[in-house]
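Inspection log for the structure reproduced underneath, given as structure tokens.
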Amino acid sequence: MKSLPRLLFEAAIVLIVVLDELARPIYRPLIAAVARWRPMQRFEAWVAGHERFAILVLLAVPLAIVEPMKFLALVWAARGHYASGTLALGLAYLASFIVVERIYSAGKPKLMTFPWFAWGVGLMLKMRAAVLEVLRASALWRAGTRLAARLRAAFVRFRTRPER
3 MKSLPRLLFE AAIVLIVVLD ELARPIYRPL IAAVARWRPM QRFEAWVAGH
53 ERFAILVLLA VPLAIVEPMK FLALVWAARG HYASGTLALG LAYLASFIVV
103 ERIYSAGKPK LMTFPWFAWG VGLMLKMRAA VLEVLRASAL WRAGTRLAAR
153 LRAAFVRFRT RPER
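So this is what it looks like as structure tokens:
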């Protein structure tokens, strides 16, 4: 039997990966659109122009604010403050997508020169891949994939139907 802390840690990892996979079709186009904005391109160039320790600080500050905010938002929602918890969670994810993601993207080559940073990113990618492998092999995932395909097809049919 696994220890309770390890079980809770693994459950949290699975939940994060599942939520990320569910939100990916929504936020990836958003990130791509934001990355095309001229002010964002200038911001990324500014970030990339710094040395690696400065980029690490630029990444750490918003990350230290956004990640706890996600947890607090879930706590608010769990305590019955559904609207404010959902709004806070959405805003935290939006800030994460726009600010943290763009800083990481712009500074990644220099950040990966820290051996511990490269190791941590590699570990997270391995954990994510392992969780996804198990999830994608499950009947629930296959059913969800079929449902998502049917919903997409229905949406396309709805959008392309002739006007009456």
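For the sequence shown, the residue numbers in my numbering are 3 to 166. Here a beta-carbon is modelled for each residue, glycine too, at the ideal position from N, C-alpha and C. Treat the numbers as computed from the prediction; the structure is a model and nothing was measured.
message = Can you check which of these residues, Ala155, Pro117, Arg130, is closest to arginine 54 by C-alpha distance?
response = Pro117
key: Identity of the residue in Leu6, Leu58, Leu96, Gly51 nearest isoleucine 28 by Cα   = Leu96
ask   = Per DSSP, what kind of secondary structure is glycine 51 in: helix, strand or coil?
value = coil
task = Enumerate in chain order the residues of its own chain whose CB-to-CB distance from leucine 61 is below 8 Å, with the five nearest sequence positions on each side excluded.
result = Val102, Ile105, Tyr106, Gly109, Leu113
message = Please report the distance separating the alpha-carbon of valine 16 from that of arginine 81.
response = 22 Å
request  = Can you tell me which of Leu93, Ala150, Val77 puts its alpha carbon nearest to the alpha carbon of glutamate 23?
outcome  = Ala150
ask   = By a C-beta neighbour count over all protein chains shown, 10 Å radius and 16 as the cutoff for buried, is valine 59 buried or exposed?
value = exposed
task = Compute the Euclidean distance between the alpha carbons of arginine 30 and serine 5, then round it to the nearest angstrom.
result = 36 Å
query = alanine 94 and valine 68 look like a contact to me (Cβ under 8 Å); what is the Cβ gap, rounded to whole Å?
reply = 5 Å
Closer than 8 Å to chain D by CB, alanine 94 = Included in the structure is just one protein chain, with no chain D present.
task = Pull up the CB-CB distance for isoleucine 57 and phenylalanine 99, whole angstroms please, since I reckon it's below 8 Å.
result = Not a contact, Cβ separation roughly 18 Å.
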